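Asks: Sequence positions in the sequence shown follow our numbering and run 56 to 304. Built from N, CA and C at the ideal position, the CB exists for glycine as well. Given the structure is predicted, the values throughout are model-derived calculations rather than measurements.
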Amino acid sequence: MIAVNAQSQKLANALYSINKNGVFYFAGGTQRIWYTNSDIHIHRTGTPNFDLTLYNVKAKDEGGFKWNTAPQFSYTVGYYFKKKNFGLEYHYDHIKYFVTQNQVVKMKGTINGASYNEDTTLVKDFFMLEHSDGANYAMVNFVKWLPLVASKDHKYNLDLLAKAGIGVVNPKTNSTIMGVHRDDRYHISGYVTGFEVGPRFNFFRYLFVTGSWKFTYANYNHFLIYSGQGSQKWFAAQFNYMIGAQFPL
């Protein structure tokens, strides 16, 4: 175990042999994300008024990077402390969330004061919900780079990237509910927590690429609809692929 730790430290020192305290880095890329089904609660005091819960609702992302629309993207900026062997970073995921149309869900609650408890088909004019200019995770992460292997000249090396963090969700919700449409403003609506793991390949000392799995729990306890609000929670699996640059500082 001592030999393994010594070798890992040797690799870590070799990666950034310039005599600096740490490494500043930034990266950008895109992602795919897969959501668990969720219960969505919506409440409106205007006309029509309602207080409803939709159960076990399916949803999907937009399919990754798209040229014909504002893409799903991710970026990160951080600093890694060499002596302490950990880093801190800000990470932003512009993810997209679309409730699947034409699915049948149980909907229960009240509409204009009358009780409602029916299996309901979600069609665009009756119920459409998207966090489509982002469901938007903004997170602060604790970061570890675990050296795995390096070339003899140390121009190329492979790390295992591990992160854990917490932050806020800042969605821009687009909804049509019972014929009333609203394309809303950005709004801090709750929190997200998660962890991430994957390989980090460094090349030519100053460049790197990553491909990592991220697992999150997101609680949207107050997103906006016309004259009202909604809430939902989900777990999600996400694959991020990014390219970045790093500089000893």
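1) In angstroms with no decimal places, state the Cα-to-Cα distance between residue 164 and residue 188.
2) At what residues does the beta strand (DSSP E) containing residue 120 begin and finish?
3) Could you round the C-beta distance between residue 271 and residue 247 to whole angstroms and report it? I think they count as a contact, below 8 Å.
4) What's the C-alpha gap between residue 95 and residue 260?
5) Note down the Cα distance separating residue 217 from residue 289, rounded to an integer number of angstroms.
6) Report the rounded CA-to-CA distance for residue 82 versus residue 235, giving the unit in angstroms.
7) Per the DSSP calculation, residue 287 is bridged to which residue(s)?
8) Considering only the alpha carbon of each residue, which of 225, 250 and 257 lies closest to residue 212?
9) Just verifying my parser: in three-state terms, what is the DSSP assignment at residue 190?
10) Which residues in the same chain have their Cβ closer than 7 Å to the Cβ of residue 155, if we skip the five residues on either side of it in sequence?
11) To the nearest angstrom, how far is the alpha carbon of residue 280 from that of residue 239?
12) What are the boundary residues of the beta strand (DSSP E) that includes residue 164?
13) When DSSP labels each residue in this structure, what does residue 109 get in the three-state scheme?
14) Looking at the secondary structure, which residues open and close the beta strand (DSSP E) in which residue 226 lies?
15) Find out if the Cβ-Cβ distance for the pair residue 79, residue 302 is shorter than 7 Å.
16) Return yes when the Cβ of residue 175 is within less than 7 Å of the Cβ of residue 162, no when it is not.
17) Using the rule of at least 16 other Cβ atoms within 10 Å of the residue's Cβ for burial, across every protein chain shown, is residue 60 buried or exposed?
18) How many angstroms separate the CA atom of residue 293 from the CA atom of residue 286?
19) Applying the 10 Å Cβ sphere with the 16-neighbour rule, what's the burial state of residue 269?
20) Is it buried or exposed for residue 173, if we count other Cβ within 10 angstroms and need 16 for buried?
21) Taking its Cβ as the centre, do 16 or more other Cβ atoms sit within 10 Å of residue 151, making it buried, or is it exposed?
22) Taking DSSP as the reference, what is the three-state secondary structure of residue 267?
23) On the CB-based measure, 16 or more other CB atoms within 10 Å of its CB, does residue 54 come out buried or exposed?
24) What separation, rounded to the nearest whole angstrom, lies between the Cα atoms of residue 284 and residue 158?
25) Tell me, to the nearest whole angstrom, how far the beta carbon of residue 149 is from that of residue 128; I am working on the premise that it is less than 8 Å.
26) Taking residue 143 as part of the beta strand (DSSP E), name the residues at either end of that continuous run.
Replies: Let's see:
1) Rounded to whole angstroms, residue 164 to residue 188 spans 29 Å at the Cα level.
2) Under the DSSP assignment, residue 120 falls outside any beta strand (DSSP E); it carries neither an H nor an E label.
3) Taking a contact as a CB-CB distance under 8 Å, the pair residue 271 and residue 247 counts as one, their CB atoms being some 6 Å apart.
4) Their backbone Cα atoms lie some 47 Å apart in a straight line.
5) The straight-line gap separating the alpha-carbon atoms of residue 217 and residue 289 is approximately 22 Å.
6) A direct Cα-to-Cα measurement between residue 82 and residue 235 gives close to 40 Å.
7) Answer by DSSP bridge pairing, in chain order: 275.
8) Closest in C-alpha terms to residue 212, from the list 225, 250 and 257, comes 257.
9) Reduced to three states, the DSSP call for residue 190 is coil.
10) Excluding positions up to five away in sequence, the list reads 113, 114 and 115.
11) Spanning the two alpha carbons is a distance of roughly 7 Å.
12) 159 to 166 is the span of the beta strand (DSSP E), which, as asked, contains residue 164.
13) Residue state for residue 109 is assigned as strand, using DSSP reduced to three classes.
14) Unbroken run through residue 226: none, as it is neither H nor E.
15) Contact: yes.
16) Yes.
17) For residue 60, the pLDDT reaches just 47, beneath the cut-off of 50, and the residue's location in the model is therefore unreliable, although a value from the coordinates is still provided. It is exposed - the Cβ of residue 60 has fewer than 16 other Cβ atoms within 10 Å.
18) Near 21 Å, if we compare the C-alpha coordinates of residue 286 and residue 293.
19) Burial state of residue 269 is buried, judged by a 10 Å Cβ sphere holding 16 or more other Cβ atoms.
20) Counting the other Cβ atoms within 10 Å of the Cβ of residue 173 gives fewer than 16, which makes it exposed.
21) Taking a 10 Å sphere around the C-beta of residue 151, we find 16 or more other C-beta atoms and assign the residue as buried.
22) Strand, per DSSP.
23) There is simply no residue 54 to check, as the chain begins at 56 and stops at 304 in what is shown.
24) Roughly 22 Å between the two C-alpha positions.
25) Their Cβ separation, rounded to whole angstroms, is 5 Å, which keeps residue 149 and residue 128 in contact under 8 Å.
26) Segment 141 to 149, the beta strand (DSSP E) holding residue 143.
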